[in-house]
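Enquirer: This structure is in structure tokens; I'll ask about it shortly.
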Amino acid sequence: MHSTFRYFISIIFLLLICSFSFSQAKETPKKVAKPKKDFAPTGIRVGTDLIDLGKTFAGKTFKGWEVNGDVDFANYYLAADIGSWSKKIVLSNGEYSNGGNYFRIGADINLLGKDPDKNMFFFGFRYGRSLFHESLNYLDTTSNKIYVAAPYQVKNANVSGGWAELTSGLRVKIWKGLWMGYTARIKFAPGTKGNDPSLATYDMPGYGIISNKPWWGFNYQVFWRFAWKKNKPVVK
Amino acid sequence: MKYIFPFFLCTLFAGCFSEGDCLISATNQLHIQFKKRSNSKLDTLITFNSIVVSGTDVIFTLKSSTANFLLPLDTNSDSTQFIFKRVKPDNSIATDTLQLGYDRQGKVITKDCGAYTYYRNLKILKKTSLDSTQIKIFNTNLLKDPNSSAITAYALNFQIFY
Chain X
1 MHSTFRYFIS IIFLLLICSF SFSQAKETPK KVAKPKKDFA PTGIRVGTDL IDLGKTFAGK
61 TFKGWEVNGD VDFANYYLAA DIGSWSKKIV LSNGEYSNGG NYFRIGADIN LLGKDPDKNM
121 FFFGFRYGRS LFHESLNYLD TTSNKIYVAA PYQVKNANVS GGWAELTSGL RVKIWKGLWM
181 GYTARIKFAP GTKGNDPSLA TYDMPGYGII SNKPWWGFNY QVFWRFAWKK NKPVVK
Chain D
1001 MKYIFPFFLC TLFAGCFSEG DCLISATNQL HIQFKKRSNS KLDTLITFNS IVVSGTDVIF
1061 TLKSSTANFL LPLDTNSDST QFIFKRVKPD NSIATDTLQL GYDRQGKVIT KDCGAYTYYR
1121 NLKILKKTSL DSTQIKIFNT NLLKDPNSSA ITAYALNFQI FY
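Chains as they are written, first to last, in the working numbering: chain X, 1 to 236; chain D, 1001 to 1162.
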């Protein structure tokens, strides 16, 4: 009898221990507070487009440069570009030339947010503005032969225009502050104002041939990053 | 199947870089149609002794009666005057004058196709012996279908009712 009682007590005790341990297991683990994203910028990256420089030194029809910069806010970047280009295009029946300055401003999102070096594969958008002039000299060859074809000289002295872009690209840290990368752009919705009715605007610095909607662009860039704060991997 | 992606890429880039044919829709030819005043849907055949166009010494003469024709705008001026010597049903000659104003716009098509002048915003500056109900403006831009040289390939600019 005594041994039966002891056996019974042991089973109850065992069941209690089991139920206690199960209830412990079911308890949800304590949530660890996610560290907040640090949006304070850690540096500024300044660079230039090598393709524009290459075209300027290699050819005679294009002269231009572009300076690109961005500042990080966690995995978001404020990006800005300024540039200038002039073109001299020999046409089959004349010559077209233009020149002007432009800027773009926009934002990128880095999809490699956890990368400790802040290497980037990004998507973004830009809004661009351009201020330029253009001139066209040509001999119209379509007109009826009864009129002697006279050379036309027309120009737009002061035109302003704007457009929008969707961008994507890479930025890779090469060594210390040296970065390289590319930006591919789809440019769309170009618009101009201030042009003379005697000349249809043809090529807008920063955008390209206006009748091409949408148009594309590509920059191969080299940067130097001036960091004032050590990179921290961004928490997603 | 494995060739689809390279083919797609080639097509995409060919589309980006191909200049294509030079399809020029610019013209200085004004397209005029003649309609019956009593029924504007019906053509009327008009006989002209001569048509004098400003800016040139050439005088146009038509061998037969016509219901529509093309006349050139002066490529070196922003206006052109036409003097029509028209044979009336009683064989007497009537003189109608029409002076048109327009904007000329230079436009680069492509580097290889070149630049051309487009004539736009056509308006009547002066007319004699034609009242305003006799002229209907259809299209204020001069354009032509680059794939055809028929008179119907030119955008209709005016209808004149006799």
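Glycine is no exception: its CB is placed at the ideal position from the N, C-alpha and C atoms. As the structure is a prediction and not an experimental result, all values here were calculated from the model.
Please report how far the alpha carbon of X:T56 lies from the alpha carbon of D:Q1029, in whole angstroms.
Expert: When rounded, the distance between both Cα atoms is 42 Å.
Enquirer: Can you name the residues of chain D whose CB is closer than 7 Å to the CB of X:I146?
Expert: Neighbours of X:I146 on chain D, chain order: T1056, V1058 and P1072.
Enquirer: Counting only Cβ pairs nearer than 7 Å, list the residues of chain D close to X:P197.
Expert: Simply D1103 and Q1105.
Enquirer: Can the beta-carbon of X:S130 be found closer than 8 Å to that of X:G94?
Expert: Going by C-beta atoms, X:S130 is not nearer than 8 Å to X:G94.
Enquirer: DSSP three-state label for X:S97, please.
Expert: DSSP places X:S97 in strand when its eight states are reduced to three.
Enquirer: Strictly below 7 Å CB to CB, what residues from chain X border D:V1108?
Expert: Correct list: L91, Y96, L136 and Y202.
Enquirer: Does the beta carbon of D:N1157 sit closer than 8 Å to a beta carbon anywhere in chain X?
Expert: No, because no Cβ of chain X sits closer than 8 Å to the Cβ of D:N1157.
Enquirer: Starting from X:Y152, find everything on chain A with Cβ-Cβ shorter than 7 Å and list it in chain order.
Expert: Absent from the structure is chain A; the protein chains it does hold are X and D.
Enquirer: Less than 8 Å between CB atoms is the rule here; does D:N1076 satisfy it with respect to chain X?
Expert: So, interface residue.
Enquirer: Chain X beta carbons: is any one of them nearer than 8 Å to that of D:K1127?
Expert: Not one chain X Cβ lies under 8 Å of D:K1127.
Enquirer: Mind checking if D:K1111 is an interface residue toward chain X, Cβ cutoff 8 Å exclusive?
Expert: Chain X contact via Cβ: present.
Enquirer: Can you tell me whether DSSP reads X:G55 as helix, strand or coil?
Expert: Note that residue 55 of chain X is Lys in the sequence shown, not Gly. In this structure, X:K55 counts as helix in the three-state DSSP scheme.
Enquirer: What separation, rounded to the nearest whole angstrom, lies between the Cα atoms of D:Q1099 and D:L1125?
Expert: D:Q1099 and D:L1125: Cα-Cα distance of roughly 5 Å.
Enquirer: Measure the alpha-carbon distance for X:G194 versus X:D203 and round it to whole angstroms.
Expert: Distance between the alpha carbons of X:G194 and X:D203: 14 Å.
Enquirer: Using three-state DSSP, classify X:A227 as helix, strand or coil.
Expert: If DSSP states are grouped into helix, strand and coil, X:A227 belongs with the strands.
Enquirer: Rounded to whole angstroms, what is the Cα-Cα separation between D:K1088 and D:L1070?
Expert: Taking the straight line from one Cα to the other gives about 21 Å.
Enquirer: Go ahead and pull the three-state DSSP assignment for X:A200.
Expert: Residue state, collapsed to three classes: coil.
Enquirer: In whole angstroms, give me the CA-to-CA distance for X:A74 and X:V32.
Expert: Spanning the two alpha carbons is a distance of roughly 21 Å.
Enquirer: Pick from D:T1056, D:F1138 and D:K1041: whose alpha carbon is nearest that of D:N1121?
Expert: Looking at the Cα atoms, D:F1138 is the closest of the given residues.
Enquirer: Rounded to the nearest angstrom, what separates X:V172 and X:A227 at their Cα positions?
Expert: Roughly 15 Å separates the two Cα atoms.
Enquirer: Once the 5 residues before and after D:T1117 are set aside, which same chain residues still bring their CB inside 8 Å of it?
Expert: So the qualifying residues of the chain are A1026, N1028, T1075, R1104, Q1105, G1106 and K1107.
Enquirer: Kindly confirm or deny that the region 84-92 of chain X and the region 108-124 of chain X touch, where touching means at least three C-beta pairs closer than 8 Å.
Expert: The region 84-92 of chain X vs the region 108-124 of chain X: no contact.
Enquirer: Leaving out five residues before and five after X:G59 in sequence, what residues of the same chain have Cβ atoms less than 7 Å from its Cβ?
Expert: Hits under 7 Å: none found.
Enquirer: Would you mind sorting D:L1045 into buried or exposed? The rule is 16 or more other CB atoms within 10 Å of its CB.
Expert: Per the 10 Å Cβ criterion, exposed.
Enquirer: Alpha carbon to alpha carbon, how far is X:N219 from X:M120? Give it in angstroms, no decimals.
Expert: Whole-angstrom Cα-Cα distance: 15 Å.
Enquirer: DSSP puts X:G206 in a beta bridge; with which residues?
Expert: In the DSSP output, where bridge partners are listed per residue, X:G206 has none listed.
Enquirer: From X:G217, X:D115, X:G206 and X:K230, pick the residue whose C-alpha is nearest to that of X:G100; which is it?
Expert: Considering only alpha carbons, the answer is X:G206.
Enquirer: If distances are taken between C-alpha atoms only, which option among D:K1036, D:I1051 and D:F1034 comes closest to D:I1093?
Expert: Checked all of D:K1036, D:I1051 and D:F1034; the closest Cα to D:I1093 is D:I1051.
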